[in-house]
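Note sheet for the following structure.
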Amino acid sequence: MTVLSTIARSRTVAALTSPHGVDHYLSRVNPMWAAHEVRGRVVSVHRETETPGAPVATLTVQPTATWRGHRAGQYVQVGLDLPGSARRMTRCFSISSAASGAGEAFTLTIRSHAEGQVSRFLVDAEPGQLLHLSQAQGSFTLPVSPATPGIDPLLFITGGSGITPAMSMVRTLLRDGYDGRAGRPVTFLHYARSAEDQIFAGELERIASDDNDVTVHLRYGDAVFNELELRRLVPRYRDTDTWACGPAGMIELVRAAYADNPRLRLELFKPPAVRTDSAEGALTFATSDQQVANSGAPILEQAEEAGLSPVFGCRMGICFSCTARKTEGTVRNVLSGAESSLPDEDIQICVSAPVGDCVVDL
Ligand code: FES
1 MTVLSTIARS RTVAALTSPH GVDHYLSRVN PMWAAHEVRG RVVSVHRETE
51 TPGAPVATLT VQPTATWRGH RAGQYVQVGL DLPGSARRMT RCFSISSAAS
101 GAGEAFTLTI RSHAEGQVSR FLVDAEPGQL LHLSQAQGSF TLPVSPATPG
151 IDPLLFITGG SGITPAMSMV RTLLRDGYDG RAGRPVTFLH YARSAEDQIF
201 AGELERIASD DNDVTVHLRY GDAVFNELEL RRLVPRYRDT DTWACGPAGM
251 IELVRAAYAD NPRLRLELFK PPAVRTDSAE GALTFATSDQ QVANSGAPIL
301 EQAEEAGLSP VFGCRMGICF SCTARKTEGT VRNVLSGAES SLPDEDIQIC
351 VSAPVGDCVV DL
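Okay, structure coming up:
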């Protein structure tokens, strides 16, 4: 740490720059100067696919010195001040590059979604674009040191954009000298819509053909994950440390194949669709004095349909940006199915659906 950064982080400077904080003033001089916050500059943009309506790009991001690095498989929250928008928008994106150290550049591989303002903007971003970042987050990671002895055979099962955290792990393994020939093979099973839609296609081909004991199985089109095929490819899959990431439908099939096996680690890319046919009761937004018929969808969606604009980030139950106080009623977590009826409870409204009458402070 330099003397200047030590001074910038001191209590004296914090008091002198209150209430805005030292980072507010540093950013006025240079957006890449920061004492506490993390920001990043896009240094290059590489198109991975040109899938109509959903192209994918990899952005290389140089973070500020405040970036503490990431472990393979983690994600980062990206805040953007979009042109014409008064509110900063934040979304979570998996880091696709190998594990990084403090202050080191990393990559984000992002698919543009028609309804996703942030993803659409980032996929078309220009080098130089400034991003507001969190530190790396998430526990969907490899053990601390992937190249050290003691790691057993590994299995990655991914679908669509769910390949990005697994790619970070495989890249880390290969960069750090992982040797599968020592009886610790890696199997990578990935499902994509088509060969044209395949992210990292060239690199996966190279990995598959290199002498590294990493086996790559790519499935396209209507192929869906099924236990029989998994059993054929990895007969001892239940004894294999497994990371699965992808759409909710695929994750449910993988979960069923492993039952409650603790060797399976899961990461969803989207919460599952919520049943709305049996919803009943009323959802009350106490702060804005509005009430709607409960549709059974997550409270965030119902609030937006009612014209409210709650703060949110990932919309997947990860970042806690959307936390709001529920004062009455029962909610169901759409990821876990768990219900809670506690009064005055802080809930993540992006993944909490009302069960009957419910009141939230929105
Ligand atoms: S928006 Fe991230 S947890 Fe709800």
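Take the sequence shown: its letter number 203 is residue 203 in UniProt numbering, and every next letter is one higher.
In this text, a Cβ means the ideal position worked out from N, Cα and C, and glycines have one as well.
Distances taken from the Cβ of L300 to the heavy atoms of the ligand FES include one shorter than 8 Å. Checking the 8 Å criterion, the Cβ of V118 is out of range of every heavy atom belonging to the ligand FES. In the structure shown, the three-state DSSP call for V118 is helix. In the three-state reduction of the DSSP assignment, S161 falls in the helix class, which pools H, G and I. Listed in chain order, the beta strand (DSSP E) runs fully inside the region 161-230 are 186-192, 214-220, counting runs of at least 3 residues. For M89, the three-state secondary structure derived from DSSP is strand.
For A324, the enclosing beta strand (DSSP E) begins and ends at 323-333.
Straight through space, the alpha carbons of R11 and A35 are spaced by roughly 12 Å. A contact between stretches requires three or more CB pairs, one per stretch, nearer than 8 Å, and the region 120-136 fails this requirement with the region 238-256. Cβ atoms of R219 and Y237 stay farther apart than 8 Å, at about 16 Å. In the assembly as shown, T287 is an exposed residue. Its beta-carbon has fewer than 16 other beta-carbons within 10 Å. Using a C-beta cut-off of 8 Å, the region 287-301 makes no contact with the region 73-80, since fewer than three inter-stretch Cβ pairs fall below that distance.
Exposure of R28 is indicated by the presence of fewer than 16 other C-beta atoms within 10 angstroms of its C-beta. Sequence-distant partners of T49 (beyond 5 residues in either direction) whose C-beta falls short of 8 Å from its own C-beta, in its chain, are P55, V56, E196, D197, Q198, I199.
In this structure, the C-beta of S321 approaches the ligand FES to less than 8 Å from one of its heavy atoms. Excluding five sequence positions before and after V216, the CB atoms of its chain that fall closer than 7 Å to its own CB belong to F188, L204, I207, A208, given in chain order. If you check the CB distance, P310 and R332 do not come in under 9 Å.
With a cut-off of 8 Å, the C-beta of V351 is classified as near the ligand FES, since at least one heavy atom of the ligand falls inside that distance. C-alpha of R39 to C-alpha of E252: approximately 36 Å in a straight line. The bridge partners DSSP lists for W243 are F156, R265.
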